[in-house]
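Step one of this worksheet: look at the structure below.
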Ligand SMILES: *Cc1c(COP(=O)(O)O)cnc(C)c1O
């Protein structure tokens, strides 16, 4: 059975914008799970790798864009736990710091056109016919086993009223919400994509109940930034010493500071935010 490298700490955020109205905000430092691998991607892979081992699959096959935190995590986990890894990467062949890490960890990269990438299962089945003991992992590592891994984020978190994380596919939030329910904590998500309201339903289906997702804080859409976001990121980091990434965690933190200012959270709420990692993305700010 696999084990998490270690259990990251929970710290209080001592920033005036986060402590209005008797509200206090804490952060679960899942970014510390690994220096390069995104924290929630570790959590999401946990039971998936276990399942692959049990099925005697030793070759993990997955999908992602050229800046996929998931692919870096998969490549690293593959190297640690003796799986071969292959990734179908969307778009023409490129090189960047994230794909270089994937290669160092031994991942095979196959670049495919955006058109071909749309049919992931076709790509997988064709590949599986030519290789033995392969195991399919969806884009972003999403799915039920991935959500199960995220139920453990709150294992050592007690006494909080709310917990909040960034939402891409929503798998992390679904798992977080399940874990939170056991502790009477309300889980909410901050969606980093624009116009993704339809995903609320999927998240609810994965969690087993409705989970609140805020959709008004995407700053223009996935991986889009604006001055307010980048200024906030700078402000947060220079006053806490905690790095954020502009794609996920900075949007979540900015959203929480705004919700606190709007008095959305009741007086004396104790909020646990989840630092899902993703810091490699920060190196791509231009
Ligand atoms: C992938 C990722 C997310 C989104 O996780 P989902 O389960 O897809 O919603 C959030 N934060 C970081 C840092 C990520 O890399």
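Residue numbers (my numbering): -15 to 270. Glycine included, each C-beta is placed from N, C-alpha and C at the ideal position. No experiment lies behind these values; they were computed from the predicted model shown.
Where residue 10 sits in the DSSP three-state scheme: Translated into the one-based positions of the chain shown, residue 10 becomes position 26. Strand at residue 10.
Kindly indicate which three-state DSSP category residue 208 falls into: helix, strand or coil? Against the chain shown, residue 208 aligns to sequence position 224. Three-state result, residue 208: coil.
Proximity winner among 198, 168, 192, 169, relative to residue 180 (alpha-carbon distances): The count along the chain shown starts at 1 and reaches residue 180 at position 196. Taking only the C-alpha atoms, the option nearest residue 180 is 198.
Determine which residues share a DSSP beta bridge with residue 119 and list them. Reading the chain shown from its first residue, position 135 is the one you call residue 119. The partner list for residue 119 (beta bridge, DSSP) reads 44.
Quick check for students: name the residue ranges of the alpha helix (DSSP H) that lie wholly in the stretch 151 to 193, counting only runs of 4 or more. 155 to 165, 183 to 191
Report the residue from 215, 232, 183, 228 whose alpha carbon sits nearest the alpha carbon of residue 201. Here residue 201 refers to the residue found at position 217 of the chain shown. It is 232 whose Cα lies nearest to the Cα of residue 201.
Name the DSSP beta bridge partners of residue 68, please? What you label residue 68 is simply residue 84 of the chain shown in a count that begins at 1. Residue 68 pairs with 43.
Which runs of the alpha helix (DSSP H) spanning at least 4 residues fall entirely within the stretch 218 to 262, listed in chain order? If we require 4 residues or more, the alpha helix (DSSP H) runs fully inside the stretch 218 to 262 come out as 233 to 245.
What are the start and end residues of the beta strand (DSSP E) that includes residue 92? Here residue 92 is taken as the residue at index 108 of the chain shown, counted from 1. Element bounds for residue 92: 92 to 96.
Enclosing beta strand (DSSP E) for residue 197 [first to last residue]: For the purposes of this step, residue 197 is identified with residue 213 of the chain shown, where counting begins at 1. 196 to 198 is the extent of the beta strand (DSSP E) around residue 197.
As assigned by DSSP and simplified to three states, the class of residue 137: Start at 1 with the first residue of the chain shown, and residue 137 comes out as number 153. DSSP places residue 137 in helix when its eight states are reduced to three.
Is the Cβ-Cβ distance between residue 247 and residue 205 less than 7 Å? The sequence position of residue 247 within the chain shown is 263, counting from 1. The sequence position of residue 205 within the chain shown is 221, counting from 1. Cβ distance not < 7 Å, so residue 247 and residue 205 don't count as in contact.
Would you be able to state if there are at least three C-beta pairs under 8 Å between the stretch 115 to 134 and the stretch 232 to 241? no
Would the C-beta of residue 148 count as close to ligand 1, meaning under 6 Å from any of its heavy atoms? The residue given as residue 148 occupies position 164 in the chain shown. No; taking the cut-off as 6 Å, the Cβ of residue 148 has no heavy atom of ligand 1 nearer than that.
If residue 148 and residue 174 are in contact, beta carbons under 8 Å, what's the gap, nearest whole angstrom? Reading the chain shown from its first residue, position 164 is the one you call residue 148. Reading the chain shown from its first residue, position 190 is the one you call residue 174. Residue 148 to residue 174, Cβ: 6 Å. Contact.
Is the beta carbon of residue 269 closer than 7 Å to that of residue 218? Your numbering for residue 218 matches position 234 in the chain shown. Your numbering for residue 269 matches position 285 in the chain shown. For residue 218 and residue 269, no; Cβs fall outside 7 Å.
Which residues in the same chain as residue 170 place their Cβ atom closer than 8 Å to its Cβ, once the five residues preceding and following it in sequence are excluded? Translated into positions along the chain shown, residue 170 becomes position 186. Excluding residues within five positions, the ones whose Cβ falls inside 8 Å are 145, 146, 147, 164, 196.
With a threshold of 6 Å (Cβ to nearest heavy atom), would residue 177 be considered close to ligand 2? Absence of ligand 2 is noted for the structure shown, with ligand 1 being the only ligands found.
Helix, strand or coil for residue 148? Go by DSSP, reduced to three states. The count along the chain shown starts at 1 and reaches residue 148 at position 164. DSSP places residue 148 in strand when its eight states are reduced to three.
When you compare only the Cα positions, how much space is there between residue 314 and residue 80? Shown here, the chain extends from -15 to 270; a query on residue 314 therefore has no answer.
Report back the beta-carbon spacing between residue 45 and residue 119 to the nearest angstrom; my notes put them in contact at under 8 Å. Numbered from 1 along the chain shown, position 61 holds the residue referred to as residue 45. Numbered from 1 along the chain shown, position 135 holds the residue referred to as residue 119. About 7 Å separates the CB atoms of residue 45 and residue 119; that is less than 8 Å, so the two are in contact.
Minimum Cβ-Cβ distance from residue 222 to chain B less than 7 Å: In summary, chain B is missing from the structure at hand, where a single protein chain is found.
Would you grab the beta carbon distance between residue 228 and residue 56 for me? Rounded to a whole angstrom, and I think it's under 8 Å. Stepping through the chain shown from its first residue, residue 228 is reached at position 244. Stepping through the chain shown from its first residue, residue 56 is reached at position 72. So it is not a contact: roughly 18 Å between Cβ atoms.
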